[in-house]
Every structure is written in structure tokens, then in C-alpha cells.
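> Going line by line, the protein sequences match chains A and B. For the first sequence, counting from 1, position 365 maps to 365 in full-length UniProt numbering; every step adds exactly one. For the second sequence, counting from 1, position 534 maps to 534 in full-length UniProt numbering; every step adds exactly one. Please read through the structure below; I'll follow up with questions.
2 protein chains.
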Amino acid sequence: MTSSEAVFAQKASWIWYPGDYEVWMSNRMQNRRTERGSFLPPFWKLDSHYVLIDFHKDFVLDAPETANVYVEGQYNLKIDGKALPGYPKKIEVPAGKHRVSLKIYNQASVPAVFIEGKHVFTDTSWRVTYEDKEWIDASGKTSDISSTKYFPAGSWNFQDPKLAPSAFRLPVQEQKAADVQKEDHHFFADFGKETFGYVKLHNLKGKGKIKIYYGESKEEALDTQKGELADEIEVNQPEAADYTLEGSRAFRYVNIQFEGLSANDVSMLYEYNPETRRGSFKCSDEEINKIYDVAAYTLQLNTREFFIDGIKRDRWVWSGDAYQSYLMNYYLFFDSPEVTHTLLALRGKDPVTSHINTIMDYTFYWFLGIYDYYRYTGDQAFIKNHYEQMQTLMNFCLKRRDQDGLMEGLPGDWVFIDWADGLSKQGQVSFEQLLLCRSLETVALCAKIAGEQADAVTYDAQASDLKKKLFSYYWNQDKHAFVHSRINGKATDNVTRYTNMFAVFFDYLNEQQRQDVKKYVLLNNQVPKITTPYMRFYELEALCALGDQAKVLKEMKDYWGGMLKLGATSFWEEYNPAKSGAEHYAMYGRPFGKSLCHAWGASPIYLLGKYYLGVKPETAGYETYRIEPVLGGLQWMEGTVPTPKGDIKVYCSKVEMKISAAAGNGVLRFKSKSKPSCKGAIIKSLGNGKYEMAVSGGKDYQIKYSAI
Amino acid sequence: MTSSEAVFAQKASWIWYPGDYEVWMSNRMQNRRTERGSFLPPFWKLDSHYVLIDFHKDFVLDAPETANVYVEGQYNLKIDGKALPGYPKKIEVPAGKHRVSLKIYNQASVPAVFIEGKHVFTDTSWRVTYEDKEWIDASGKTSDISSTKYFPAGSWNFQDPKLAPSAFRLPVQEQKAADVQKEDHHFFADFGKETFGYVKLHNLKGKGKIKIYYGESKEEALDTQKGELADEIEVNQPEAADYTLEGSRAFRYVNIQFEGLSANDVSMLYEYNPETRRGSFKCSDEEINKIYDVAAYTLQLNTREFFIDGIKRDRWVWSGDAYQSYLMNYYLFFDSPEVTHTLLALRGKDPVTSHINTIMDYTFYWFLGIYDYYRYTGDQAFIKNHYEQMQTLMNFCLKRRDQDGLMEGLPGDWVFIDWADGLSKQGQVSFEQLLLCRSLETVALCAKIAGEQADAVTYDAQASDLKKKLFSYYWNQDKHAFVHSRINGKATDNVTRYTNMFAVFFDYLNEQQRQDVKKYVLLNNQVPKITTPYMRFYELEALCALGDQAKVLKEMKDYWGGMLKLGATSFWEEYNPAKSGAEHYAMYGRPFGKSLCHAWGASPIYLLGKYYLGVKPETAGYETYRIEPVLGGLQWMEGTVPTPKGDIKVYCSKVEMKISAAAGNGVLRFKSKSKPSCKGAIIKSLGNGKYEMAVSGGKDYQIKYSAI
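Printed below as a string of C-alpha cells:
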């Protein structure tokens, strides 16, 4: 391959209608769940891709050019509107300006095309539509009025023309068990830690049945009646050969019973999404280091075709779960496409007939996910291309408001908030209004980016009106806190943590309110405790935002350290230190119902990156950023935070900081007992022992200081 | 098979979500079009079925029962909410009350199930949903609030469990050519009349290429450059064997060129929808009889999986074309499912993003189709099950009204009306408002049937408001007619036939206006003539409604007789007697662009049944009906009109009528110079030589009279 060929080969990609592959692939992925051998699909509506798509691009060529054409679907291929006969595998485009277009029909999978030529190739600069709204008159003349909306093509950068999008699979890698107990007709394997993939039986021979019981815990694998995952297969294999199961499962332990068959070993094909850990964290506390590693592994396992909730079950894309994965991702992989793929899979197609995953809060987390996505990546194109879908989803919400302009659970709406005994979902729940308010702010922001100024004004006004109501309806001066809900138009005096802690890091509170919330809610044991890592995420974030990293460090060691002490090799869906033994594995009324590898368990990645290393964007896409290291009781820490412009590296001990950023303009903020110094940089005093220093990309800074 | 088995076997049927199979099958059908070997799909949006469906039914059994289960898709099967393992092919339902449910995922084709047991079997009494909106709490308890909407399952009465819905094909029957000229490397076959199917080459042998040029006319088949349909296939067949082409085509003539191959004969596999001709018409005029037969054959050819426009092209479902087929169908096949299948295919899924087929008038014909469907069949269940889809389509229309409350063509709207040179589509076209008015009346009627009284009031008010506007904005007292349009808020003085003739049979005019329209529009040669059978349909209907069957008979003989004289074996898309020779075959700027077998050419079936035999429903589903025979210059006529309750038979000469109806209550109206008589019946005089007689089902009447 010559070097110019290499250049264009890197650019050509399979393309399709934007969002369609996400919808199609998430259907495929989410329908892989089984429960004790029965198919268990999602209970919400699944959408479908558009089955007939028009693709085009105009090319200006100096010389004629031939390109190879690969298509998934039944298609025609046109040059300047004139169809070539049949289903051409090559196209010859003459010199000059010419339009290449295709119309592709595919019911079973996404209409997709890959064209591979020197200049004529497919990429996201192609324009696509599902409705071209063209017609002709009786003379054959095409109408000149058209309201066809074209969008830039979607792509996952699949760059191999021979690998059709519908054939995409995650890669696998064979892994040996850490320990296998082999008896006649029976294997019991321990893979040493939570894992995911396909069980492989070596030299399997004979005719009969194999029963496989999987366990995230030993107890689960041994319980052949009540474990969550089991497979039963019939095999007739007179000659010994390796046999790999068809379905992928989550497990650490595998309990295998052979009837009429024998094998001599068991391994597994680990299935994974190849991610690069760009972020890192290491510190003086070995338990925290272990927590970080297990959290990173937990997130890796749940980062698949999309961000999923858990690998044993549900293996579905849940918006509230995914929202936390986005945030962790910005501090570990910084895989932006994984975020947009997940957002588009969740959004599905119009019409909106229910909340995302049927959960009201999960609709709002979808908007919050967009808010953060823009903040961390600065990707305006995504916002512009999908602004209409934000609008139709927001309109669905706004139409469901009651006479007070608030949202409460209507029939068919699941008000989730958290798994917590006795948590009220009745009436106008303050937490839902708070999330709606931030969602409105998000759509207003996106309207501005999309150039829809009038919309922006409307959404901004609605957000600010709702924010006022939030304080006038729910803030209880005596309780120094937001109350949980209004029922029949009257505020209850029930205080819960949710609204209060979110209001802290949404920056909705004044300083007095912040301190009140800290004292009367977050540090108040009378307010019901949170027992899911899901909501602990936000609780600890609020404490960090209030500057209490020292307390949060202790909480991390207690809570996540608690799971490690129980032998966790990945973090759980729920952890209640008050329980003991196999009680920990129960949930949903089932002895092994709990997921022991749940993405929302991995939040220390986010907390350590954002609030200890202290790195976050100040303006979209890290154009400007802040670095505000806080040791929180650690002796030292060092780590890397990925950004779209390269990495930001931070080392911090009690007397020294080392900072380097690949690009962009940042500001370092810190406290010091002594006057700090940095060669080649000016440190500004802000008073009260606070200091600030400008950081420029490409330079290394070494700061001498004295931690308070 | 025992007789009780036979009974249940007749009832069990493949079922799916209502409307989904129509959407899926119409995608498949409409994507079969080719133009000179290039794939030519529809240019409007194609929708898709729901990919994940929940099916259930509650059974009460005296004894346990085993039933066979056939499924298209990946599924689970539950009894009382508990899933059976794997993909069971049988289900055992215990005695007592039990719920059988399935959840089926299928991306490529419609999720469908066939269960075959004595009492436990699938039919349209099953309930289905695409969104069950159920959730659980942390204890595993299912929510008790649910807003899930269940609908009765859809079905096409596919009663063979082994024939999956996705494998459905229309039957074929081999037919010989009427004449084949065989030369070396060349066949020219004439099948004697327009036909449709797959060319079959007998004892094909060798290796090389076959080029096939199809022609509805001889000229087209001989024109290898500009005929509309051509196939080119490569064959390598060392041993002689029959070879059938993969694609079905429309043709009378086939021109075949062999390169490197030989064959000894050619035939074709006629592909057809097996319909029973329940309606019939025969009279003293042989030319009219021939017109009726060719019209019936034309409709038969275009009645396929759905009612299509034409068999050469487009082979698509066009709402305005289909609307006429519905009406003809009520007088020929009375195939009600064919109507609902076509209506549902056209309606597709929400959201509505453009008019049906992108044409504003075609959206309205969809509503008119519902209006007539209810009138002729009395099927309330269909109205109830699809009322929401009527509403969302009507809302799309109502949102597009301008400041005057009228609809004009917005960007992306095709205002079609008819193929006619110089026909204005600008501004507020009166014809579109007229169709909108009847559409509103239709939705109001359906709202009543669906029990939505408040909606009915709203739609009725909107219809009556629009009707007033129609007269105040468009009725021109000097022209004694509706004018064509308003431009910039001012009525033009352009008179066209469309609005005026529809207003006649919509019964929107008073007697004076009716006579004015007849004189100043219909019989006025200054008003531009209509040259498509499409609009001639309505023009002649209006004349019939005005009692001028004599003139219409002459017109039929001239116009349809004119096509027969030119050798037509099916009726055309357009016929202009002023043209000559091969000019007749041209359209859309292409020498053979015209379709010579177009459903809208078959309207004499409807006119002869409704306005000569004079049979039509007075109340929905022929609960009551009218028989008003009009000879219109014929010596005698006889025929059958099908109804949901059986056939109505009419014989009428100038001195005698014979009437029999299978069921229901009808009234016979006629004129007589002399006092008529009928044994066993009372004839009431209405004055002015008009008479009326009650007709009861199951009796034969013989009336002596004397035609005026």
C-alpha cells in the first residue's frame, strides 16, 4: 500500500443514518439477557432503525476515479441522479463535479455503505435522510421545492469493508481458571475474580447433557436451584473436541455437571471492549489504590457495546446507571463515542411514548448526560445533530406537568430515585423537579449551540421559573433543607438526602444553604442512610464539593473497603454493612438477585479524579480547566486525567506538587501554610492561605508549598 | 384428524401486533420495483414493525391441555408469569384459570406466534402490547399501577403453523404464451394479454448471458433501449433444465436474447392473489360487457398483497389510487381484509412526518377510505382499534393550517389533484379544503364509534366551520361553481371540475347548486377536460349521482371503449383520445413511461354496480340498503352486488325487474310509466312516476313495470 492509499484507507468508514446503528445494536445487545436459561428481554419499548435511507455526497475530482462499493442491504447507486444497473460493486466517477448517491433498503439490519476510493469514499461528511420528499410531474420533471432534511452520516469508524456492521462482535481472549476441581461428571472452576465471557470445555466427548451453573459468588454457583444464571445444553460429539458455549455470561465460579460426556479442562473466552486506561490514580493508601483498581475493572467490565448496568443482569442500558458511567469514563477512558453511542441508544426514536427505561428520573439523567458530555468534550456537532431529539423528549416531559407546573408520577411513570425501603414516590417529589430544572438548563444551552435562540429564551425562562418554585415550594427554613415532596399541594416535612445533595453540586445554593445542607442533612444521622453505591456517588460528591475530602476518604475506605474485605473483586449493586454472609447476595426477593459487578459501584474513579487530583473543565472541552488538588488526609497522590487535548498529570504531596498538561490553559488552585514557589511561574495569593497559578499546556511545573 | 381437531385447527392463526405485518409486508412488496434492472424503492419514509411484543391470553380449562408452539423470533413463554426454560415447542397448561404469555423479539420480520391446542390457541382474542410499562421494587414486587395499553392481536388468518408469516408468497400458476417466435438466440413471446409473473425458460442450457426486454406493448418489448423493464442474467447450466427468473414483472410481450445459451420454449408463472369475483354485471351492450370484464381483470392484477397502483410501475401502495380500488372492490370481490391491510400499510407508524405518499390529497383519501369502509362493512372493531392513528394523522393536518384555517402546500407537501397540464397547485386550493372537510367528518364519526364523545364534538365543529368557509370563500355566484383556489387571500376566477364534482356526490350542494354544477361545469366544454381515468372516475360518478346514467354510458363506451379499440387488454393510467399510435404509451417524458394496467382504470366496475344496478348501503354494513336500478339506455342488465350479509341480485329490463337479497332490509326505488306490480309485495307510489318497495332478505321479487 502506498502512503497516499494509507491516508485514504484510514478515512473510509461504514456509514449509516445517525443513531440507527445505536438503536439496532442496543436491541441486539439488550436481548442477550437470560435468566436461568429463559430469554429475558427489556420491558420497555424497543425502537427500530429506518429501513430505507438515501445517502449522497458531491465530489469534485481532477481525474476519473474508480472506487469499491460495499453495501448492507438492497440498493441502487447513482451518479448525478442516474442509476447504474443492478447492484454494482464498483463505481467509476468521472472528473469534474459529480454527485454520488445511494438508496439502501434493509429491514433486518441497518442500511449501511462503505465506499473505498482515493477521494471518493464514505465518511461522516456524507449526507443522509430517511425521507427525501421529492416528486415529479407528469412530464417527469422533479419538483424544485423540497423540505428534505439531510443530516451528516453516522459512523462508529468501522474501517474494514469486509467486516459488515451487522457482523460486529466484541473481541475475546482465552483465560484459564485459577483453580479447577475435577471429579467424575463434575467440574468446579474458580476464575479468581469476576469475569465475563463464554465457557469453553476442552476435549469434550460423548453424547448427553451438560448443566452449567454460574456464580458471582461460590454460594451462587453451588445453588443449582436458585442461582441466577444456568445453561443446559445437549451435545453429541463422538470425537473429542473443544466446545465453546454460545451465550456469554458473568461469573467468577462455574459449576459444571456432565451427563454422558467427559472433558479434561475448562477455560473461558473473556469478552471485552478494548479500552485504554488513560486515567490513573495512585496514593500513599494501599486500600484506596486497591479500591481504584477494582473500580476501574468494574467499569471496564460494564463498558461494552454501550455502558450497561451490570454484567450478570440486566445487561441493559439504563439511563441513570449509564449517566454515572459517563462521568467515571471522563476520568478513566475518556471514550467519547461510547458516551454518544449510549445516549443515542437510550434516546431511540420518536414518538416518545414513555420515560427512558420508563423511569422519570432516567429521562432527566439523559439530559444531564448531554450537559456533562458537552462540558467534558466540547463536541458541538453532536448537540447540533441531535437537538431535535432533545426537544421532542423535553416536550414529552413538559406536557406531563400538572396544574402547578410540576411533574409527578402519572400512570406508567416509574419514579425511581433509589432502592431504599419506605422511600415515598407520591405526589410532587422535589428531586424530580430539581432534575427537570437542570434538564431545562441543558436544552437551553443546546438550543444556543444549535442556533435556536428563541428556543433558548423559552427554555431558560422555564428553568428559572422552576428554580424559583423549587425554593418556594420545598425549602423548609426550620429544617434548613429541601423537603422530599408535596402531597395534595402541601409540602411534607420529610427530609431526604437526594434533592439536598444534588443542589450542592448543581450550585443552586447560597453559602448559608450549603452549610445548612451539610450540617442538617449530609452529616445528620437522623436522615435515612443511603445503601446503594448509586446514590452514595452523589452523596460523596456533595461532600467533596463542600470540601470534606477527608470525610469522603474515610467513607470510601469504610464502604468500598468493606466490600473488598468481603472478597469483592468488582463492586456491587448494593452494599449494606449491616448484613452478613450470603445475605449480601440477596436482592429483589431472590437469594442471588444482587449484581456483584455493577457500573454504579465504580464511582471512586470519578471522585478521586475530580475532587482529589482535582481536575475538571472550566469551559467546554477543557478549553480552560481547573486543577485543585486536595489530599484529604493522604500523604501523597499522583495520577493522570485524560482530556480531549491530551493528559493532565498531577503529583501532590504535603510539600510538593508537580503539574503538567498536554495543552490548553488551566489554573491551579491550592492552599498553603507557607508562601509557595514555582520556577518559571507566578503564583498569585488570593488571601487566607489560598493561591492560584496559571498553567499552560506543554510545560512542567514543580511547586514547593506546605499543605494545610 | 378428528372432527373436533378440525374445528380448533380452523380457528388457530398466526398473530402479531395489529398493523405490524402490513407495515413489514408493504416494505417487502414496495421494494420489489426495478427500472431497467436498477432497484427503485419508494421515495417516502418506510416505517418498521415493533421489534419486541408481549402477547397474552387468559384461559379457563376443565382439563390440562398440551398445545404446540410456533414462533417467529427469539422468545420466552410464561404460564402465570413464570417463564419456561429455553425456547419451548410445546406448552402444558393445567386445568383452571391460567394466563399464557409470550414476549417475542424479532428485528428482521414481525414477532409472531402460532399456538395450536384444543382450547389454547392463538387468534385475535389475544391481547398484545409493544410497551408493557411494568416495573418492580427492590423486593421484587411488581408495580400495581400500570398504564399499559393492550390491543387485540392482528392476523391475516394464516392458518398453517408450518408456513411462517415472513415466508408468505402469493400463489403462482404456469401459463403458456399465445404465440412464440423462436429464432436462433432470440425468442419473441406474446402472452395474449397483459399479465404478471415470472418468465420461465424451458430446457435452458449453456453458459452466458440472457437479456430479457418486457413490454406491455409490442413496441416497448422491441425497444431494447427505452423499455421500462429489462433483466440481464448470467447463467452457467451445462445440463438443460428449466430456469425461472427471480423477479416478477408486468408484461404482455417478452423479447429474449440468448448469448451462449439455448432454450426450447418460454412460459410464465402467473402470480396472483386468489380473489373470488362475487360481483358481476352483464347487459344488452356487448362493448359494456367487455369493458366490465377488462376492468375486472385490471383490478384483479392490481389487487396483490395490497391494492397497488399499477403492475409495471410503481407496484407501490398509493393512497389515492388505493381509495378507488376499495370502492371497486366493494362491487367485485368485497375483500374487506384487503382494504384494512392497505389502509394500515399506508398509515404506517407515528410520528407522522409527512403526508401519506407525501401527497396532501392522499392523506385525505386515507380518511375517505375509512369512511367508505365503515359504510360498506360496518366493521366497528377496526375503527376502535385504530382510532388513535386517525387522530395523530388528523393532528398532523390541523397543525399545518394557515391563518385562515385552510391547508395549502407547505414545503415538502405534494398537492397532486390530478395529472393535468397547467393545473395550478398554488395557494389555498378549494379541492384540498373539501377533502379535509370530509376527513374531519370521518374522524368525528369514528370518534363516536370509539366512544370519544368530546372528540366527536370538536371534529364535528371543525368540519362544519370549514364547510361554511368552503362556500363563503370559493362559491362564485356568477360562475355558478366553486372556483379552484385563493391566492394571497383572494379567490381566483379559475373554475376546474374537481371540487365541483366531489361536492355533488359528497352531497354538499342544494338542488340549485347541483344543477348549476352540472350545467356550468360538468357539461361545459370550456372547463378543462379530464384525461385520466383517475379523475374520470369521480366526474362520471358525479354525473351518475345527478341521474345522467345515459350520458355516462356513452362516455364509458367512448373512453374505455376507446382503449379497447386500441387493443387494450387492461385499462391504462391515462388515455387521451387525441393522441395516436405509440404516443399513447408515453408519459413522464419517457416513451413507455405510461402504465397500461393501472387500478384506477377499472372504475366501470364501481359505476355499473352502484349507479346502474343501483345497489348501495344506506346504513353501515348494509344493515339497510337501497336498490335503484337505472338502465341508462341499456335494453336490459343483470348482476350481483356482494355485501357482508350475502349477495344482492338484480335483473332489470324495460318491463321487468327481478330482485333478491340474501339478508337485511332494503328499499327498491324506480320510475315507471305504468303502475307497477309485484306478487307478495306492496309498492308505494311517491308521485311523479316514482315508486318504492321494501325488500326483505331471503325472498325473490319479480316486478312488472314500464321504464321511463
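We treat Cβ as the ideally placed atom computed from N, Cα and C, and that holds for glycine.
Is it true that the CB of residue 97 of chain A sits closer than 9 Å to the CB of residue 158 of chain A?
No.
> Compare the C-beta of residue 488 of chain A against all C-beta atoms of chain B and say whether one is closer than 9 Å.
Taking Cβ atoms only, chain B never reaches closer than 9 Å to residue 488 of chain A, which makes this a no.
> Along chain A, in chain order, which residues have C-beta atoms closer than 8 Å to that of residue 31 of chain B?
Under the 8 Å cutoff, chain A gives 52, 74, 105.
> Would you say residue 47 of chain A reaches chain B, if we count a Cβ-Cβ gap shorter than 9 Å as a contact?
It does; some Cβ of chain B falls within 9 Å.
> For the beta strand (DSSP E) containing residue 407 of chain A, name the first residue and the last one.
Careful: residue 407 of chain A lies outside any beta strand (DSSP E) and carries neither H nor E.
> Since residue 617 of chain A contacts residue 297 of chain A with CB under 8 Å, what's their CB separation in whole angstroms?
26 Å between Cβ atoms; not a contact.
> Expressed to the nearest angstrom, what Euclidean distance is found between the alpha-carbon atoms of residue 15 of chain B and residue 156 of chain B?
Rounded to the nearest angstrom, the two C-alpha atoms are 8 Å apart.
> Who are the near neighbours of residue 723 of chain A in its chain, counting only those whose CB is closer than 7 Å to its CB and skipping five residues on each side?
Coverage of chain A is limited to positions 1 through 708, which leaves residue 723 of chain A absent and any answer about it impossible.
> Does the contact criterion of 3 or more C-beta pairs under 8 Å hold for the region 60–76 of chain B versus the region 110–130 of chain B?
They touch, by the three-pair rule.
> I'd like the list of long-range same chain contacts for residue 367 of chain A, defined as Cβ closer than 6 Å, with 5 residues on each side in sequence excluded.
439, 442, listed in sequence order.
> Taking residue 398 of chain A as the reference, which of A:362, A:462, A:335 has the closest Cα?
It is A:462 whose Cα lies nearest to the Cα of residue 398 of chain A.
> Between the C-alpha atoms of residue 636 of chain B and residue 282 of chain B, what's the straight-line distance to the nearest angstrom?
Near 9 Å, if we compare the C-alpha coordinates of residue 282 of chain B and residue 636 of chain B.
> At a cut of 8 Å, does the region 550–570 of chain A reach the region 169–189 of chain A through at least three beta carbon pairs?
Counting Cβ pairs under 8 Å, fewer than three are found: no touch.
> Assign residue 169 of chain A to one of three DSSP states: helix, strand, or coil.
Coil, per DSSP.
> Where does residue 13 of chain B sit, in a helix, a strand or coil, going by DSSP?
Residue 13 of chain B: coil per DSSP, three-state reduction.
> In terms of residues, what are the limits of the alpha helix (DSSP H) holding residue 709 of chain B?
A question about residue 709 of chain B goes unanswered here, because the residues of chain B that appear run from 1 up to 708.
> If you follow the beta strand (DSSP E) that residue 660 of chain A is in, where does it begin and where does it stop?
Note, residue 660 of chain A: beta strand (DSSP E), 656–661.
> Let's test the definition: count the other Cβ atoms within 10 Å of the Cβ of residue 103 of chain B and tell me whether it reaches 16, buried, or not, exposed.
The residue in question, residue 103 of chain B, is buried, as its Cβ has 16 or more Cβ neighbours within 10 Å.
> Please go through the region 356–393 of chain A and give each complete alpha helix (DSSP H) segment of 4 or more residues, from N-terminal end onward.
Entirely contained in the region 356–393 of chain A, the alpha helix (DSSP H) runs reaching 4 residues are, in chain order, 360–377.
> Along chain A, which residues have their Cβ under 8 Å away from the Cβ of residue 685 of chain B?
Within chain A, no residue comes near residue 685 of chain B; the closest Cβ sits about 51 Å away, beyond 8 Å.
> In whole angstroms, what separates the C-alpha of residue 685 of chain B from that of residue 701 of chain B?
Rounded to the nearest angstrom, the two C-alpha atoms are 17 Å apart.
> Suppose the cutoff is 6 Å on Cβ atoms and the five residues either side in sequence are ignored; what does the same chain contact list for residue 234 of chain B look like?
Once the five neighbours on either side are set aside, the close Cβ partners of residue 234 of chain B are 209.
> Ignoring anything shorter than 4 residues, give me the alpha helix (DSSP H) runs that lie fully in the region 441–511 of chain B, in order along the chain.
Here the runs fully enclosed are 453–474, 497–505.
> Is the separation between the beta-carbon of residue 197 of chain A and that of residue 269 of chain A shorter than 9 Å?
Yes; because the gap between Cβ atoms is below 9 Å, this pair is in contact.
> Please report the straight-line C-alpha distance between residue 80 of chain B and residue 99 of chain B, rounded to a whole angstrom.
So the alpha carbons of these two residues sit roughly 5 Å apart.
> Classify residue 38 of chain A as helix, strand or coil using the three-state DSSP reduction.
Residue 38 of chain A: strand per DSSP, three-state reduction.
> Consult DSSP for residue 558 of chain A and reduce its assignment to one of helix, strand or coil.
Residue 558 of chain A falls in the helix class under three-state DSSP.
> How many Å lie between residue 706 of chain B and residue 24 of chain B at the Cα?
The straight-line gap from Cα to Cα measures roughly 55 Å.
> Between the region 625–644 of chain A and the region 321–341 of chain A, do at least 3 Cβ pairs fall closer than 8 Å?
Contact between the region 625–644 of chain A and the region 321–341 of chain A is present, because at least three Cβ pairs lie under 8 Å.
> Quick check: the Cα distance between residue 550 of chain A and residue 56 of chain A, rounded to an integer number of angstroms?
Rounded to the nearest angstrom, the two C-alpha atoms are 57 Å apart.
> With respect to the alpha helix (DSSP H) encompassing residue 294 of chain A, which residues constitute its N-terminal and C-terminal limits?
Looking at the DSSP string, the run of the alpha helix (DSSP H) that includes residue 294 of chain A is 286–302.
> Go through its chain and collect everything with a Cβ distance to residue 244 of chain A's Cβ below 7 Å, but skip five positions before and after it.
Hits under 7 Å: 198, 200, 269.
> Name the residue from B:39, B:608, B:43, B:528 whose alpha carbon lies nearest to the alpha carbon of residue 484 of chain B.
Nearest option by C-alpha distance: B:528.
> Check this for me: beta carbons of residue 361 of chain A and residue 466 of chain A, under 9 Å apart or not?
In this structure, residue 466 of chain A does not lie closer than 9 Å to residue 361 of chain A by Cβ.
> For residue 344 of chain B and chain A, any beta-carbon pair shorter than 9 Å?
Chain A contact via Cβ: absent.
> Closer than 8 Å by beta-carbon distance: list the chain B residues that pair up with residue 111 of chain A, in chain order.
Neighbours of residue 111 of chain A on chain B: none; closest Cβ ~10 Å, over 8 Å.
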